[in-house]
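Okay, so here's the structure we're looking at.
In the working numbering, the protein residues as written are -19 to 135.
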């Protein structure tokens, strides 16, 4: 039996700073997003924070219609089922706040099992892109350039 098999998770409220600090420590390839509309965490039966989700305005301007939010980051310490719990909670919270749509992206090579487990569906597959760097506005590489993505939507 795995040590995480007997972990019972429950949702906890978080300040943005707590969520961002957790992302800094645990996320594999991204820094914390700049802003957020709301954040939520998953703690174990001992009160230890095990995972977080950060929800904000959509990164893509054409999706920022005032009725759509995006799960811009999730991070976990590896505990099972935490992301599914958080994705479901984020959609319930977004609906309760009056939003009509909640989206997120996965990178190529990520299975999306947590999203499927929370009832989300694939909306589109996005081809790799070069990033945001241009001569008139140089930006440092983030390590996620040229990676295909999948767009998901909560149902």
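All C-beta atoms in this analysis are idealised placements derived from N, C-alpha and C, irrespective of residue type, glycine included.
### Task
Please say whether residue 32 and residue 48 have beta carbons closer to each other than 8 Å?
No, the pair does not count as a contact, with Cβ atoms beyond the cut-off.
### Message
For residue 52, list the residues DSSP reports as bridge partners.
### Response
Per the DSSP secondary-structure output, residue 52 pairs with nothing in a beta bridge.
### Query
Just the Cα atoms here: how many angstroms apart are residue 127 and residue 112?
13 Å
### Query
Under the three-state reduction of DSSP, which class applies to residue 67: helix, strand or coil?
helix
### Query
Is residue 28 helix, strand or coil by DSSP?
coil
### Query
Based on Cα-Cα distance, which residue from 28, 8, 0, 6 lies nearest to residue -12?
28
### Message
Can you find the residues in the same chain that come closer than 6 Å, C-beta to C-beta, to residue -19, ignoring five residues on each side of it along the sequence?
### Response
Residue confidence is low: residue -19 scores 39 on pLDDT, short of 50, so the model does not pin down where it sits. No coordinate-derived value is stated.
### Query
Within the chosen definition, does the stretch 2 to 10 reach the stretch 61 to 81 through at least 3 CB pairs nearer than 8 Å?
In short, these stretches do not touch, since the Cβ pair count stays below three.
### Message
Once DSSP output is grouped into helix, strand and coil, what is the label at residue -2?
### Response
helix
### Query
Going by alpha carbons, who is nearest to residue 133 out of 107, 120, 50?
Taking each of 107, 120, 50 in turn and checking the Cα distance to residue 133, the smallest one comes out for 50.
### Query
When the Cα atoms are used, what is the spatial distance from residue 102 to residue 64?
15 Å
### Query
What is the DSSP secondary structure of residue 41, reduced to helix, strand or coil?
helix
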